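One structure is given here, and the rest of the page talks about it.
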DNA sequence: TTAAAAAATTAACTTAGATTAATTTTTTAA
DNA sequence: TTAAAAAATTAATCTAAGTTAATTTTTTAA
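Protein chains in written order, with our numbering: chain A, -6 to 237; chain B, -6 to 237.
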């Protein structure tokens, strides 16, 4: 058994997301396959880009630890935040497998990413991975559709409530919450750019929530103080089934 | 060769989308596979639902002819239109392969849909289909992200211009335009619910476009009279690469 | 052919959120 | 430790789009 195989298995054995459909599938394979699709861990510092809009990318990434945000800058200088990527989630797949990326991926806090390169070969060796990928994409799609709906049809406070509970829910699925509180590395501009609102208005809405005792933010930690009240603003439909 | 095989091949041979990655893959297969995953054409009348939000669905559909709209009704009665499905596009895949659908699919004009049932078995027999599916989903995702960006950050006229050129572009890829004009079965409420605006405001915006000579609508056909002007409102970024 | 229903149009008025701009607080890095 | 930069806060003012409601036009179906 070649030495790099030990390295790979060690890397994955300590990974909390080794049960991910994608990873399970990769873990039982021969060494020749490993040659053609190396897996590496990549450490990112806070505010460091994994890739930038326009970069060429033909790798897939799974976030192992940390918090990544997908952002897009438009010609006129506005920034949109597509979504927050939480540990265990997969990014980097695009329709054009080898084309330029249409958004940037930036780490908000120190993060560790698992990089799976040479995916074109990988899919031909392991075609079952296609369905894993499709399942993960279908989850991302559902999430994006929920944001689309909220941004298109609901008020600032409703959008904000939706976003906070949606994040709390996704973090809970991974055990990354602390009851009703969780580490929250986004600043008010990040929230604004996710929800299509201005920083000023996000600030007003957060103030209103704090004054009514719905939540509290302290040292990058968010405390949901009145889940029921926030929930009635958010609507019931913010829960997503995890992928295969 | 069993008779239903002739039927299937006849069905697909006349289909303009038989080059779709998904279809190409299905077309060379043994008759036992056909037993386990039947393909049928389904005709829909205008305003008929293919499926309704909440229905159980475990089939995939490819639109062969017509125009389908994906809509979601929320608890509070508002309707959102996720997107228009154009011929050659695939719908029906969800993360929970056998779960209830989270939106409805309704035909706006008489349509023909190709129904591929029993997809769970199909993917185990033909795992390569997974990547076809992932590629199609990645396209849908890009489209949805473009709408998300436009709705979150841009004015009513900009959103409208984006939507019209985006549709024109997708139709052109399929040769379903007529130069700068195309069949346009959406009413003003459909546009409003796609863009997160009110009918009244869509009407105002359309009037403005017509008065400035940018476009014209006649008997469900839309004529782009000044592509350059609409394009400068829409932004340059409305083009999508088709899937594999 | 015609009555009823659906869709489009228009105007008057309201409002949620944007804009601008200044101030305070917190974080960062030298 | 401290100066500089970044982020949060607040207030005053503005405006794009929403709301309501009535009218006209088009489509549908009997």
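We put the CB at the ideal spot given by N, CA and C, even for glycine.
Just so it is clear, the structure is predicted and the values come from calculations on it, not from any experiment.
Contact residues of the segment 139 to 157 of chain A toward chain B are 140, 141, 142, 144, 145 and 146 (C-beta to C-beta distance below 7 Å). Residue 57 of chain A is classed as buried because its beta carbon has at least 16 other beta carbons within 10 Å across all chains shown. By a beta-carbon distance limit of 8 Å, residue 115 of chain B does not contact residue 83 of chain B. Their separation comes to about 13 Å.
Within a 10 Å sphere around the beta-carbon of residue 113 of chain B sit fewer than 16 other beta-carbons, which makes this residue exposed. Counting only residues of its own chain and dropping the five nearest sequence neighbours on each side, residue 85 of chain A has a CB closer than 7 Å to the CB of 50, 52, 53 and 54.
Under the Cβ distance rule, residue 201 of chain B does not count among the residues neighbouring chain A, no pair being separated by less than 9 Å. The C-beta of residue 165 of chain A comes no closer than 9 Å to any C-beta of chain B. The shortest C-alpha to C-alpha distance from residue 229 of chain B to any of B:191, B:203, B:186 and B:154 is the one to B:154. For residue 178 of chain B, the CB contacts under 7 Å within the same chain, skipping 5 residues up- and downstream, are 60, 101, 102 and 213 in chain order. When the beta-carbon positions are compared, residue 149 of chain A and residue 72 of chain A stay at least 9 Å from each other. The DSSP-derived three-state label of residue 195 of chain B is helix.
Leaving aside the five residues that flank residue 91 of chain B on each side, the residues in its chain whose CB is nearer than 6 Å to its CB run, in chain order, 51. Within the model, the alpha-carbon separation for residue 34 of chain B versus residue 80 of chain B is close to 14 Å. Residues are counted here when their Cβ sits less than 8 Å from a Cβ of chain A; for the segment 105 to 138 of chain B these are 116, 120, 121, 122, 123, 124, 125, 126, 127, 128, 130, 131, 132, 133, 134, 135, 137 and 138, given in chain order. Sequence-distant partners of residue 192 of chain B (beyond 5 residues in either direction) whose C-beta falls short of 7 Å from its own C-beta, in its chain, are 181, 182 and 185. Setting aside the 5 residues that flank it on each side, residue 187 of chain B is surrounded in the same chain by 74, each with a C-beta closer than 6 Å to its C-beta; the list follows chain order.
Beta-bridge partners of residue 64 of chain A (DSSP): A:74 and A:97. Residue 44 of chain A and residue 97 of chain A have their C-alpha atoms roughly 6 Å apart. Cβ neighbours of residue 195 of chain A within its own chain (closer than 6 Å, five residues either side excluded): 181, 184 and 185. Here the alpha carbon of residue 221 of chain B sits roughly 21 Å from the alpha carbon of residue 140 of chain B.
One thing to note: residue 14 of chain A has its Cβ no nearer than 9 Å to the Cβ of residue 8 of chain A. Beta-bridge partners assigned by DSSP to residue 83 of chain B: B:55. Boundaries around residue 165 of chain B are those of the alpha helix (DSSP H), 149 to 166, since no beta strand (DSSP E) includes it. The three-state secondary structure of residue 174 of chain B, taken from DSSP, is strand.
Leaving aside the five residues that flank residue 142 of chain A on each side, none in its chain has a CB nearer than 8 Å to its CB. Nearest CB-CB separation between residue 224 of chain A and chain B: not below the 9 Å threshold. Only those residues of the segment 34 to 68 of chain A whose C-beta falls short of 8 Å from the nearest C-beta of chain B are listed: 65, 67 and 68. In the three-state reduction of the DSSP assignment, residue 10 of chain B falls in the coil class, being assigned neither a helical nor a strand state. Residue 233 of chain A is positioned such that its CB atom lies closer than 9 Å to that of residue 88 of chain B. Of A:209, A:20, A:38 and A:47, the smallest CA-CA separation from residue 104 of chain A is found for A:38. The Cβ of residue 183 of chain B sits no closer than 9 Å to any Cβ of chain A. Here the alpha carbon of residue 124 of chain B sits roughly 32 Å from the alpha carbon of residue 152 of chain B. If you ignore the 5 residues before and after residue 76 of chain A, its C-beta comes within less than 8 Å of the C-beta of 62, 63, 133, 136, 137, 140 and 187, all in its own chain and listed in chain order. Interface annotation, residue 93 of chain B: not in contact with chain A, CB-CB separation never under 9 Å.
Using a Cβ-Cβ cut-off of 9 Å, residue 233 of chain A counts as an interface residue toward chain B, since at least one Cβ of chain B sits closer than that to its own. Just measuring C-alpha positions, the residue of A:206, A:144 and A:217 sitting nearest residue 172 of chain A is A:217.
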